[in-house]
Structure formats: C-alpha cells, structure tokens
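First comes the structure, then the notes that go with it.
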Amino acid sequence: MLGTLLRGVGIGKAFSRGIVRRRTRVVLEDVTLEIGEGRTLGLVGPSGSGKTTLARIVAGLETPTAGRVLYRGRDLRDLRGGERKAFRRRVQMIFQDPEGSLNPRKTIRRSLEEVLDLRGVQGGGRQEVREVLEVVGMEAEVLDRLPSQLSGGQNQRIALARALILEPEVLVLDEPTSALDVSVQAQILHLLRDLQRERGIGYLLISHHPEVVGFLAQEVALLRGGRLLRIEGGEEGKAGR
Numbered sequence: 434m435l436g437t438l439l440r441g442v443g444i445g446k447a448f449s450r451g452i453v454r455r456r457t458r459v460v461l462e463d464v465t466l467e468i469g470e471g472r473t474l475g476l477v478g479p480s481g482s483g484k485t486t487l488a489r490i491v492a493g494l495e496t497p498t499a500g501r502v503l504y505r506g507r508d509l510r511d512l513r514g515g516e517r518k519a520f521r522r523r524v525q526m527i528f529q530d531p532e533g534s535l536n537p538r539k540t541i542r543r544s545l546e547e548v549l550d551l552r553g554v555q556g557g558g559r560q561e562v563r564e565v566l567e568v569v570g571m572e573a574e575v576l577d578r579l580p581s582q583l584s585g586g587q588n589q590r591i592a593l594a595r596a597l598i599l600e601p602e603v604l605v606l607d608e609p610t611s612a613l614d615v616s617v618q619a620q621i622l623h624l625l626r627d628l629q630r631e632r633g634i635g636y637l638l639i640s641h642h643p644e645v646v647g648f649l650a651q652e653v654a655l656l657r658g659g660r661l662l663r664i665e666g667g668e669e670g671k672a673g674r
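Mapping of the sequence shown onto this note's numbering: position 193 corresponds to residue 626, and the numbering continues sequentially without gaps.
Printed below as a string of structure tokens:
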C-alpha cells in the first residue's frame, strides 16, 4: 500500500506590513492536503490565491504562521541535523522560470556537479551527470554551455535533472510548463509522468491550466482566497494507471 510522504495540516500564512500602522494580510487559511507515493495532487486557482506560498511552505522554503507540515509523519519543526538535510534532499521544488533557477555564470556541467558535491559524491560520480541527462532526454554536448545558450524547455529539463540527482521522493512543481510553448509542454509532462511511474515520486503540481493538471493528477484541489475549497478526482485518476 502506498503511503503518505508529505502532509499539510491546518496550514495558515499571514504577512504583516507597515511600521506605524501594522496591517496583516492573510494568504492561507486552514489548508489541509497530502501528497502520496507515486501520486500527483494538482493545485489550481486564480492568481493571488496563495498557490505558490503553499508550495513553498510544503517544500520547507517558508514557515507557516499556523498549522504544520509533516514529512513521513514527522513535523518539519522537529527535524534537526541529518534529518533536516535528508528532508531538503528528498523534497525538491521546480520553479516556473527554468533559466532563472540556474546560475547564469555557471556551465550546466558545474551546476549539476555542485549537486553531486552536496551528496558527497566524488570523482566517480561524474558519470552520473551523463546518466541523469540521458534520463531527461538531453545530450552530453550541453554540459559546457550556459543556461542562456539553451531553450526554455532544455533549461527546464536541466532543472529537473538537478533535482533527480538528489533522488527525491517528492517534487513540488510550480507552473513547470507555463513558460514553454505547447509542444515542449507536452514533452515535459510526458517526461514527468514517466519518471513518476518508474520511480514512485510524489508530485504537488501547480498550474493555471486545468488540462495540464488533469494530465498528471489523480486528485485536483481548488485554492481560492487562501482557502482550499474542494478536492476531486483528476483525469489521470479517472483513467487509472
């Protein structure tokens, strides 16, 4: 039986503004969701509904002002040392702007090798760079190029390769195809589906486009005004796997 990898319970987030007259803006309110092994939870909603803030909280990049996030049943606030490092490795976020997520001054080779360094992999792991490029459908000839020399779709594949080197259990995908043209969007979505089937990765997929979410998701959640209004089955869930 597949288990739950990440669970958000009663998540709330508010931002305070102003020095003399403090004003509080509530972005998220009492949001509960979960991401399971080998499954995709799609998250849709209008701009400003709190989708990206929720994604960053689930990925451990922001702290909620209310509620908690559980990774394999453990509260993120209780993780220390090696456990915290393990979480940061196993839960990765892919951003909307693929080129912006890569260092513009570093070659693709260096960007990928840095991730291996974080894993403590020494010289022998350089072959792994070529292997992960093959997984995402890229040729080794791109290794000595800069992000600016690649297309948006190629950079998104590189961003995905960087995450895969860390052997993630969960990928938080924030509009991963919105900056790409339609044909490249389809390629990335098929790649994500194949990776999930092969590796059992759980996805939280955020998009403005219901058809993108429906392609991968077994469940689709609607976020509006910071509140989760409903969760229902996606097209992938209806079709089965």
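Note that beta-carbon positions come from the ideal geometry of N, C-alpha and C, so glycine has one too.
In the assembly as shown, T486 is a buried residue. Its beta-carbon has 16 or more other beta-carbons within 10 Å.
With fewer than 16 other CB atoms across the displayed protein chains lying within 10 angstroms of its CB, E516 is exposed. Short of 7 Å from the beta carbon of S616, and not among the five residues preceding or following it, lies no beta carbon of its own chain. C-alpha of E462 to C-alpha of A488: approximately 14 Å in a straight line. By the criterion of a C-beta distance shorter than 7 Å, R590 is surrounded in its chain by V569, G570 and M571, once the five residues flanking it on both sides are discounted. Sorting Y504, R552, E532 and L579 by C-alpha distance to the C-alpha of A492 places Y504 at the top. Leaving aside the five residues that flank A573 on each side, the residues in its chain whose CB is nearer than 7 Å to its CB run, in chain order, R563 and L566. Sequence-distant partners of D607 (beyond 5 residues in either direction) whose C-beta falls short of 6 Å from its own C-beta, in its chain, are T485, A488, F528, Q529 and I639. Rounded to whole angstroms, S584 and Q525 show a C-alpha spacing of 22 Å. In terms of Cα proximity to P479, the closest of H642, I621 and A447 is H642.
A residue is called buried once 16 or more other Cβ atoms fall within 10 Å of its Cβ, and E547, having fewer, is exposed. Non-local beta-carbon contacts of L661 in its own chain, meaning distances under 6 Å to residues more than five positions away in sequence, involve V464 and A654 in chain order. In terms of Cβ geometry, P531 and A592 form a close pair [threshold 8 Å]. DSSP places Q651 in the coil class of the three-state scheme, outside both helix and strand. Cβ-Cβ distances below 8 Å link D577 to T540, I541 and R542 in the same chain, with the five nearest sequence neighbours on each side left out; the list follows chain order.
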